Amino acid sequence: MNNWPSRAILMTAVSMLAMAPHTVRAQSAPKPSESNTVEEITVTAEKREANLQDVPMAISAVTANRLAQSAVAGARDLTSVVPGLVFTKSVSNGQPFIRGVGQTLGDISAESPTAIYVDGVYLMHPASGLFSLGSIDRVEVLKGPQGTLFGRNATGGLIQLITKTPSFGGSEGNAEIGYGTFQTLTASAYGSRSFGDDLAANLALNFENRAEGYGKTLTPGHRFGKAKSISGLNKWLWEPGQNTRITLELIGDYSKDDLGTRIGTPDGSRPAGKGVGYLGFWTLPVADPDIPSTRSTLTGALTIEHDLGWARVKNLLGYTRLDSDVFTQLLTPGLGTVANTPGFFHLTESGDTISDELQLQAPKGADFQWVTGIYLLKDRARDRRYSAATSAAFVAGAPLTQNQAAQQTTKSWAVFAQGTKTVLPATRLTLGVRYTTDEKEVAGQAAIGGFKTYEAGLASVGAPDSKQWSKMTWRASLDHDFADNLMGYVAASRGFKSGVYNLGAFANPPVNPEVVQLYEVGVKSELFDKRLRLNASLFNEDYKDIQLKSGTMQLCGPSGCTFGTILFNAATSQMKGADVDFEAALGDLTLSGGFEYLDAHFKSFDSAPCTVPLAAPAGGNATVNCNLSGAAMPRAPRFTGNVAATYKVDLADRGRLTFAVNDAYNSGFSWDPDGRLRQKPYHLLSSSITWRSRDERYTARIWGRNLLNEKIEANVITGGSDLYYPDLPLTAGVSFGVRF
């Protein structure tokens, strides 16, 4: 399983031979033409539309067509088409990691260092990142710190979702319905219509219901892994004048599942107390009531653009709302029951974010391309949690119940500017700078066993309840055209992730900001009459004051003590490696993919929390201090890569067949800094066969994902006990579509 390159090439060749019909007539040698070249991809990595090949940074861009062919339906599925991206899930929160930079704290206050944007609107809360991709035109993944134009907590990188835009000139639409394993029903519809010459609108709806769980339990007749989701997009585009463009959009997303709320003991671990041990990868104890977690997000945006002639002005006003409700087991698998509740945990979170960004840009085509702007954000995040546990679930003498409510308010503002100037023939210099100020305030109250133990945000509390951080970040790059369609660049940039309070245990003092310094050299090329796109980069990143969490511990403040997860700053680490992306158009055959080699380790971490398994009969783990200097960083696989192939067969009057296969390999990674528990290496193989009628009105697709039935963990958590929850096994289905 570890010999990825040779195995991937062999699997691709075998798949192509197996899928090719024996009756296909011989093809003549392909001629250079527009239809036999790699597709041009437009990105907005520099706050303006530009060709992917003209932007001097490492970017993986994935079109909607590629997402569909690789059976990518949600944000976490992006790992199969974007090398270097690890996307795990902590109960209701998404946890994206790029080049080893991410956030493991599953809390609404823990903003991710890999920032996520939808049409330029920042999704601040981690749970907002668990979105479906049914209405997406393309996805851009920017690797490395984006501390100038985006800025907001983008030390690891950035995931930018670009949704479909309504079109002028009539109406169009399509609909699709599908059915798959585990009684999964899917349906989607999209329509776009113009109302005259200056107004157009679109509407997209997506639905999925997995009625049967994919995992077994010890409870007779009960399975885990059911899920339901529905999302919608409505966008209006108005052009009242030749130089003015106004866009209003509303995006809603609702989901219900139990991924992360049903837990088990990993293979090789011993549960604490009388907890149930490992039962098989897709078998869990599940002693809790069958109450799935729910999550809903609402995103609104109003964008006004106007061309002044000498410059373009753009204002983007955004709003996001998040609500999530989670009911899960607490600490030890198999201890909770309906009648006797020694181990359950109920968490409700909500957040409201409003942001506004005013930009002033150089006109299109100007020799000196520049952009400057002001960014404002205000957010209020609320966290309420209730848990019940016997003393055996914590430590001897611990009380039975814990009730807590907390709130964090964030106010942020930033100013930024970046310019690109041709300094020599075919050579451009880019310089950018951003200044950010964040102010955060926390308030809350906790009680154990009905008695108040800790409160913050009140005048009587001695501990500080607010803090402010400011930072200057920047970017510099120099790129040169060595030939037509061959550009090389060197770049350096700095990213800043704000300090944060830990709402799950607000007695924990706020942690300091993270800072990432990047140095990168790369090349972007289109070769052989644009039949081959090959982009590569070498990078070195220095990571300082990493925000990490430890296991569950007792936390004490001026008014008493509570239990929670410690959030703290580690020392320093370094990430270095190489990124490669490619696409080749070989007539009816298209090959694409890429890989990332990553060496990510702690440079200095001499007082790190490590978990040590305890012997029977106690079981579980103890937390001790250890020296992890030189150890590998968590969720940072040494090698990730994917190779995809699509092959088109013309059936004349009977339409066209498209065969697609995608193999994504992950060399494995540790779940926590001490490296005791690891995700094993795996291949995530997906494939599809699509028939399209000659007039392209009707489509039919057969698809499969995780065809090797690999055992992939959605998350693993260490603390008093080791916990895990398994991701989906092999899934497959069919779908039928029609275009209007």
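Under this note's numbering, think of the first position of the sequence shown as 20, with each following residue one higher.
Ideal Cβ placement from N, Cα and C applies to all residues, glycine included.
These numbers come from a predicted model, not from an experiment.
Between the CA atoms of residue j and residue i - distance to the nearest angstrom
i	j	result
N262	S648	57 Å
N646	F501	47 Å
A751	L617	32 Å
Y760	T205	Residue 760 falls outside the range modelled here, since the chain spans only 20 to 759, and no answer is possible.
Y743	E732	7 Å
T200	N728	13 Å
T642	R552	49 Å
F106	A64	21 Å
N359	S406	The pLDDT assigned to N359 is 37, lower than 50, so where the model puts this residue is not dependable, and the model offers no usable value.
I127	L168	25 Å
N685	P636	36 Å
V282	S706	Residue 282 is actually Ile in this sequence, not Val. Cα to Cα, the separation comes out at about 30 Å.
N228	I196	12 Å
F364	A465	15 Å
G416	G292	Bear in mind that the predicted position of G416 carries a pLDDT of just 43, short of 50, making it too unreliable to give a figure here.
E368	L161	29 Å
F558	F116	16 Å
F525	L224	39 Å
L605	N661	18 Å
Closer than 7 Å: residue i CB and nearest the ligand FAD heavy atom
i	result
S369	This structure simply doesn't include the ligand FAD, nor any ligand for that matter.
8 Å Cβ cutoff met for residue i and residue j
i	j	result
W389	G438	yes
V158	L237	no
A433	Y454	yes
D741	S288	yes
A663	A597	no
S213	G188	yes
S274	L149	yes
G93	P145	no
L341	S147	yes
N781	T428	Here the chain comprises residues numbered 20 to 759, so residue 781 is not present and cannot be evaluated.
R118	E533	no
G514	N531	no
V110	G279	yes
V461	V120	no
P164	A173	yes
L567	T123	yes
K183	Y141	no
W301	K235	yes
Outcome for residue i when other beta-carbon atoms lying within 10 angstroms are tallied against a minimum of 16
i	result
A385	exposed
Y198	exposed
S626	exposed
N640	buried
L177	buried
Q487	exposed
P444	exposed
Q202	exposed
W329	exposed
V753	exposed
S131	buried
D672	exposed
E376	buried
S623	exposed
A230	exposed
E268	buried
Extent of the continuous alpha helix (DSSP H) run through residue i
i	result
R16	The question about residue 16 has no answer here: the residues shown for the chain are numbered 20 through 759.
Extent of the continuous beta strand (DSSP E) run through residue i
i	result
V305	Taken as a continuous stretch (DSSP letters only), V305 belongs to no beta strand (DSSP E), as it is neither H nor E.
H325	312-326
G756	750-758
A603	591-605
K667	658-669
E195	190-199
A291	Element bounds for A291: n/a, residue is neither H nor E.
G612	608-623
T56	From DSSP, T56 is part of no beta strand (DSSP E); its letter is neither H nor E.
Y136	133-137
R673	Careful: R673 lies outside any beta strand (DSSP E) and carries neither H nor E.
G153	Element bounds for G153: n/a, residue is neither H nor E.
K563	551-563
Q179	176-182
Please go through the segment 685-745 and give each complete beta strand (DSSP E) segment of 3 or more residues, from N-terminal end onward. 701-711, 717-724, 732-736, 742-745
Whole beta strand (DSSP E) runs in the segment 254-284 with 3 or more residues, listed along the chain? 263-276
What are the start and end residues of each continuous beta strand (DSSP E) run of 3 or more residues lying completely inside the segment 356-403, in chain order? 362-380
Whole runs of the beta strand (DSSP E) within the segment 476-534, excluding any shorter than 3 residues: 485-502, 505-516
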